[in-house]
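Heads up: the sequence shown at position 77 corresponds to 76 in numbering that gives the first Met the number 0, and the numbers run straight through without jumps. By construction, the Cβ of each residue, glycine as well, lies at the ideal position given by its N, Cα and C atoms. Just so we're clear, the structure is a prediction, and the values are computed from it rather than from any experiment. Heads up: the structure comes next, in structure tokens.
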Amino acid sequence: MDGHLGDTRNAPSGGEVTRSAPASGGDDTRLDPAWSRLPIDRAGQRRDVLIAVLMAATLTISILLYSRVGLYDDVAPWEVSAVMVVANAAPLAVRRRFPLTVALVVAVAFAMTQVLHVPDVLVTNITLFIALFTVGAWVSDRPRAATVRWVVIGGMFAWLFGVILFHWGSPGSMPGVPDDGGVPAYVAISILNIAINLLYFGAAYHFGNRAWAGAKARAALDARTEELTAERARSAAQAVALDRVRIARELHDVVAHHVSVMGVQAGAARRVLGVDPVQASVSLEAVEASARTAVEELGRMLGTLRSDVDTGAVALAQSSSTRGVDQLPDLVTQADAAGHPTRLTVVGQERSLPPTVEVVAFRIVQEAVTNTLKHAGSGAAIDIRVRYLEDGVELEVTDTGRGSRGSAGSGSTASDRGTAGSGLGHVGMRERVAAVGGSVDVGPRTRGGYLVRAWLPA
């Protein structure tokens, strides 16, 4: 506020900051509507105290210098000047704790400084600017912050225009200002005062709002950064969980199948060891071959897990992709050797399939055959059919086994077979098929046995 007119200005008093009110429109953030910059920390409080001390010292020096200039004919006594120094500067020590109250107190102190002819028109303008800026930059209740600032600004302009009208009524009240026939001196001074005050209060209002908007935008950015960090952590945890599920599924397919074959062959060898050593030897050779294959597959899989963290999952997928429809005859041979007559039928024109579909097709058939070996009972026959269709490939695995409840075959659960089982085979098949966009049906057949039918897109 410019002080060239050297007269009084009035301002209202009272008011405190409300810290939980919503922000005004225009703040496009995702923060809680009750977001507030307050309270400040101890370092901020110390900075405010330091500013108050510096402004008090500067105002004291300014008063001493202006008193030598002769700003007023009847200068206020030194004790009055000392009180005005404290009234203008001391409230700034708590300007961010009680911004509304500080703004009103400093505005009144500013007006009283001129009313009492305390010789200063510089530093008191700075203290009022800081107080108004703080209201715009720190008060959470935006409507109330705007109201208090407009009350102060309106009061200052009302007094300014009152002084201007007084001087217009008595142009000779400004001695020492020549009037040479151009623009009257009182008109020129009035225009300068209005322009200076517009710039002064406009800057305090604008920069206060900009500081508030900038602080809120930074807080919103910090909040979004925290959300993204948490989301990345959740995504990483989900990726680890999915990798574990994938690894567990591969281990289940490899171990369950080969151990089932080994168990059946070992049982057969035990039964004929005394009466047919040749057949027992054949069965033991099958056990050895299954054990060797299982060890090789497990070794290859564990090797991928020891690879680089970023390439381990890719390597696991690549190692799994070595299995496909071409390896189905190996399953037939193993099931036959385990005492389950197995037939493989291919319908349609054979063609290459996507690697992921190849792996899923092999694992579906392998799981079905494995469950037949585990649950269908001795001698159950297995029928494997592969149908190449226009839009995909269909797999069908049936068996003639019978369990304790009259149902039999591949993929049955403990309740169907009367044999302990976890049911994870069904879950694994459904997950694999869903991963490539196919469909699968698993269940007992009405005429006995069990059926696994899957369609995979190709």
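Three-way DSSP call (helix, strand, coil) for residue i in this model
i, result
"residue 392", "strand"
"residue 34", "coil"
"residue 272", "coil"
"residue 438", "strand"
"residue 97", "coil"
"residue 19", "Per-residue confidence for residue 19 stands at a pLDDT of 36, beneath the threshold of 50, marking its modelled position as unreliable; no derived number is given."
"residue 378", "coil"
"residue 291", "helix"
"residue 277", "helix"
"residue 221", "helix"
"residue 213", "helix"
"residue 431", "helix"
"residue 323", "coil"
"residue 118", "coil"
"residue 351", "coil"
"residue 207", "helix"
"residue 262", "helix"
"residue 154", "helix"
"residue 183", "coil"
"residue 400", "coil"
"residue 233", "helix"
One or two residues paired with residue i in a DSSP bridge
i, result
"residue 137", "Beta-bridge pairing links residue 137 to no other residue."
"residue 455", "392"
"residue 443", "449"
"residue 384", "344, 395"
Where the beta strand (DSSP E) through residue i begins and ends
i, result
"residue 344", "341-346"
Integer Cβ distance of residue i from residue j, believed to fall under 8 Å
i, j, result
"residue 337", "residue 372", "6 Å"
"residue 463", "residue 62", "The structure shown does not extend to residue 463, since the chain spans only 0 to 457, so no value can be given for it."
"residue 388", "residue 364", "Contact flag wrong, Cβ pair sits at about 17 Å."
"residue 428", "residue 435", "Not confirmed; about 12 Å, so no contact."
"residue 424", "residue 366", "5 Å"
"residue 267", "residue 282", "5 Å"
"residue 442", "residue 455", "About 19 Å separates the two Cβ atoms, so there is no contact after all."
"residue 37", "residue 95", "7 Å"
"residue 392", "residue 457", "5 Å"
"residue 185", "residue 158", "Going by Cβ atoms, the distance from residue 185 to residue 158 rounds to 17 Å, so no, they are not a contact pair."
"residue 261", "residue 234", "Between residue 234 and residue 261 the Cβ distance is about 40 Å, and since that is not below 8 Å, they are no contact."
Proximal residues to residue i (C-beta, below 8 Å), its chain only, five neighbours per side dropped
i, result
"residue 473", "Nothing can be reported for residue 473, as the shown portion of the chain is limited to 0 through 457."
"residue 91", "47, 50, 51, 54, 101, 105, 126, 129, 130"
"residue 73", "116"
"residue 85", "55"
"residue 204", "131, 135, 148, 152"
Own chain, CB closer than 6 Å to residue i, minus 5 neighbours either side, in chain order
i, result
"residue 115", "75, 79"
"residue 65", "118, 119"
"residue 342", "382"
"residue 344", "384"
"residue 347", "386, 387"
"residue 331", "341, 343"
"residue 334", "341, 368, 381"
"residue 265", "286"
"residue 259", "369, 372, 373"
"residue 70", "118"
"residue 39", "95"
"residue 228", "none"
Endpoints, the alpha helix (DSSP H) within which residue i is located
i, result
"residue 330", "327-336"
"residue 61", "41-68"
"residue 74", "First-last for residue 74: undefined, no H or E at that position."
Same chain, Cβ closer than 7 Å to residue i, neighbours up to 5 away in sequence not counted
i, result
"residue 156", "196"
"residue 208", "135"
"residue 351", "none"
"residue 152", "200"
"residue 98", "16, 133, 134, 137, 138"
"residue 309", "The predicted position of residue 309 is uncertain, since its pLDDT is 45 and thus under 50; no value can be drawn from it."
Cutoff 8 Å: residue i Cβ touching any chain E Cβ
i, result
"residue 54", "Going by chain labels, chain E is absent from the structure shown, which holds only one protein chain."
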